[in-house]
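Notes to accompany the following structure.
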Amino acid sequence: MASDQEEDEFLGFSDDEGDGTNSDSDYDDDEATQNAVSEVNAHQIGDFEQNQQLPDLNEVGQEYAQECEVGPQHTSGISDNHSVPFLFDLNMPTQQKFPPSPIHQTETEQNHHKPRTPRINNELRLEILLFLLLRKKKHSDELIHGTNRQAVIKFGYTRKTIRLIWQRALAHKAAMDSYFYDSKYHNCGRKRIQVTYESIASIAMGDRTTIIDLARMLNLSPTTIWRMVKRKQIKPHSSPLNPGISEECKMARMKWVLGLLMDYSIPNDPTYYSMYDFIHIDEKWFYLTQKSQRVYLANNEPFPHRKGKSRTKIPKFMFMAAVARPRWGQDGQCEWDGKLGIFPFTDAVAAKRTSKNRVKGTIETKPIKSVNQIATRAMLINYLIPAIKEKWPPHEGERVIYIIQDNAKAHILQNDQEWQQHYKQDGFTLILTQQPANSPDCNILDLGFFRSIQSLMHKKMPKTVEDLSGAVTEAYNELHAKTLSNVWMSLQYVGNEILKHKGDNDYQLPHNKKKILEDEGNLPEQVKAPRWAVNECKQLVDEWRANQ
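Take a look at the structure:
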């Protein structure tokens, strides 16, 4: 039979491991090794002098650990009441600490590299090319010695970058092409999802009223649709309900706009009148409050609680507003704001009996029960005419002013008998004129001025009907004259849209960047109409008159 050592080597064990048994030589070697380690460790720790005996804190535990490694034949002397508390030596020095990873070092510990050179843009790439072209040898495509080094010092990019720009220019020259210096950086990264016009237009209107509905129909996520809206690839639109326009109404609208053009400017250069002799009047209901008012609160601010007797019968007043076109001086200062006044249809009535709110005889403001021709005639004669004589800019001689109103039944006409007694006063001749039917876009107040007044009025949040009248008047006076002037400009652009669409109202209100034109000094006082639209509309109106 083979020896124990040969058997251990055959089974793959080392001298220390063996086959479960240890020889005497093994124990002697282990004791010598432990003593040597103890001496070295005591010297290295420094807490004890060299060759001084160290207290073994794990003496029992280490002996038990060695006995456990010996095998079953040496464990018979171990008491069952003892346990091995630790399998490591508390007298051993701590393990060597490795230096921390550079990833976990602080900024002061790390050696930062040089900041990365910013990506070169197209303008700088062209500037570098021009720099190289100025330092090219005559009758050759080679650069003067040291040019690349100068470019590196001036622009801060590597020689490789400078060399690639020059080689690219030489390649374009060899191909007889112009130098194209745009990079392909915009092609990198994830490609955006593209949605075609047909894929959206083919969806029914009812299935794309919200972003979620449209995303479901296109099989996309709502976030993707929202990003397309922000990039203006998809545009949201609120579709208003417009009044119906008949053929007669279309002809009336075309005739009305053609009447606003100066006769001598047709047909070569059709231009609108300055409209400084026009006054637009209209009526509007102003409510004491809105059913829903949006405000922004602090974090712990309590919610405001609004009360009312009825959600459907909110107190309201009807007002008549009158505006003209503002006048501006050569220095850009407003000489007259064009506001003639806003007048409520109310009566001052004394209280008939005493209540918890007021005593008998208190003067209260009550709305007029019925706004009819009698009320509008009294408003024109008693309020509008005195306001015109008081606020109209100075003029010489007779002044003809056209008062433009809608076709409401409560409005009087120019041939009204009582109006005929008052329409000429103090050098003013006031002519009542009706705008086309179903055409709120032909009136300054309906076109945008009333909406501006209403938004300012609701910011004041009136509490009573008396406060409502004052809030509307304050909002009317606070509105800047430039806002009113812009609405008069929009009226002329709306006239162009009416001519382009042959009197119909299937168009969007034009936005002609009046603020930008004003800052550039190119905002016209009188807008020009498209010649082709004017000629076509005149022909249609003449044919319609011939067939009547």
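Residue 297 is where the sequence shown starts when you use my numbering, and the numbers rise one by one after that.
Glycine included, every Cβ here is placed at the ideal spot set by N, Cα and C.
Note that the structure is predicted; figures quoted are calculated from it, not measured.
{"Check": "Counting C-beta neighbours from all protein chains within 10 Å, is the total for Gln844 16 or more, i.e. buried, or is it exposed?", "Outcome": "exposed"}
{"Check": "Nearest-angstrom Cα distance between His576 and Lys705?", "Outcome": "17 Å"}
{"Check": "So, Tyr475 versus Leu510, is the Cβ gap smaller than 8 Å?", "Outcome": "no"}
{"Check": "With DSSP as the reference, label Cys630 as helix, strand or coil.", "Outcome": "strand"}
{"Check": "Indicate whether Leu752 and Leu787 have their beta-carbon atoms separated by less than 8 Å.", "Outcome": "no"}
{"Check": "Can you find at least 3 beta carbon pairs, one from the region 738-750 and one from the region 713-726, that sit closer than 8 Å?", "Outcome": "no"}
{"Check": "Kindly identify the DSSP beta-bridge partner or partners of Asp578.", "Outcome": "Ala617"}
{"Check": "Tell me which same chain residues have a C-beta within less than 6 Å of the C-beta of Lys846, skipping the five on either side of it?", "Outcome": "Limits of the chain in this structure are 297 at one end and 844 at the other, which puts residue 846 out of reach."}
{"Check": "Per DSSP, which residues does Phe724 bridge with? Please list them.", "Outcome": "Arg695 and Gln721"}
{"Check": "With Gly540 as the anchor, note down where its beta strand (DSSP E) starts and where it stops.", "Outcome": "No beta strand (DSSP E) contains Gly540, which DSSP labels as neither H nor E."}
{"Check": "For Thr760, is the classification buried or exposed, using 16 other Cβ atoms within 10 angstroms of its Cβ as the cut-off for buried?", "Outcome": "exposed"}
{"Check": "Below 7 Å CB to CB, which residues in the same chain sit around Ser570 once its five sequence neighbours on both sides are set aside?", "Outcome": "Glu821 and Gln822"}
{"Check": "Exposed or buried, what is Phe639 when buried is set at 16 or more other beta-carbons lying within 10 Å of its beta-carbon?", "Outcome": "buried"}
{"Check": "Would you tell me roughly how many angstroms separate the C-alpha atoms of Leu516 and Asn808, rounded to the nearest one?", "Outcome": "35 Å"}
{"Check": "Skipping 5 residues on each side, what residues in its chain have a beta carbon closer than 7 Å to that of Ile458?", "Outcome": "Ile424, Asn444, Ala447 and Val448"}
{"Check": "Once DSSP output is grouped into helix, strand and coil, what is the label at Asn318?", "Outcome": "Bear in mind that a pLDDT of 46 at Asn318, under 50, signals an unreliable position, so the number given afterwards is only what the model happens to contain. Residue state, collapsed to three classes: coil."}
{"Check": "Along the alpha helix (DSSP H) that carries Asp763, what are the first and last residues, could you check?", "Outcome": "Val761 to Glu774"}
{"Check": "Return the first residue and the last residue of the beta strand (DSSP E) that Leu636 is part of.", "Outcome": "Lys635 to Pro640"}
{"Check": "Would you kindly work out how many angstroms separate the C-alpha atoms of Asn831 and Pro806, rounded to a whole number?", "Outcome": "21 Å"}
{"Check": "Taking contact to mean 3 or more Cβ pairs, one atom from each stretch, closer than 8 Å, check whether the region 597-615 and the region 625-636 are in contact.", "Outcome": "no"}
{"Check": "Taking just the CA atoms, how far does Thr413 sit from Tyr453?", "Outcome": "7 Å"}
{"Check": "For Tyr772 and Ile794, which I take to be in contact (beta-carbon distance under 8 Å), what is that distance rounded to the nearest angstrom?", "Outcome": "Not a contact, Cβ separation roughly 28 Å."}
{"Check": "What's the C-alpha gap between Gly502 and Lys720?", "Outcome": "56 Å"}
{"Check": "Where Arg621 and Ile684 are concerned, what is the direct C-alpha to C-alpha distance, given to the nearest angstrom?", "Outcome": "13 Å"}
{"Check": "For Leu556, which option in Trp828, Tyr803, Lys824 and Ala842 has the closest C-alpha, if you only look at C-alpha atoms?", "Outcome": "Lys824"}
{"Check": "Under DSSP, the alpha helix (DSSP H) around Lys662 begins and ends at which residues?", "Outcome": "Here Lys662 belongs to no alpha helix (DSSP H); instead the beta strand (DSSP E) covers Ile659 to Pro663."}
{"Check": "Rounded to whole angstroms, what's the CA-CA distance from Arg523 to Thr492? Just pull it up for me.", "Outcome": "15 Å"}
{"Check": "Determine the direct distance from the alpha carbon of His482 to that of Arg455, and round the result to whole angstroms.", "Outcome": "24 Å"}
{"Check": "Shortest alpha-carbon distance to Gln589 belongs to which of His601, Ala465 and Asp737?", "Outcome": "His601"}
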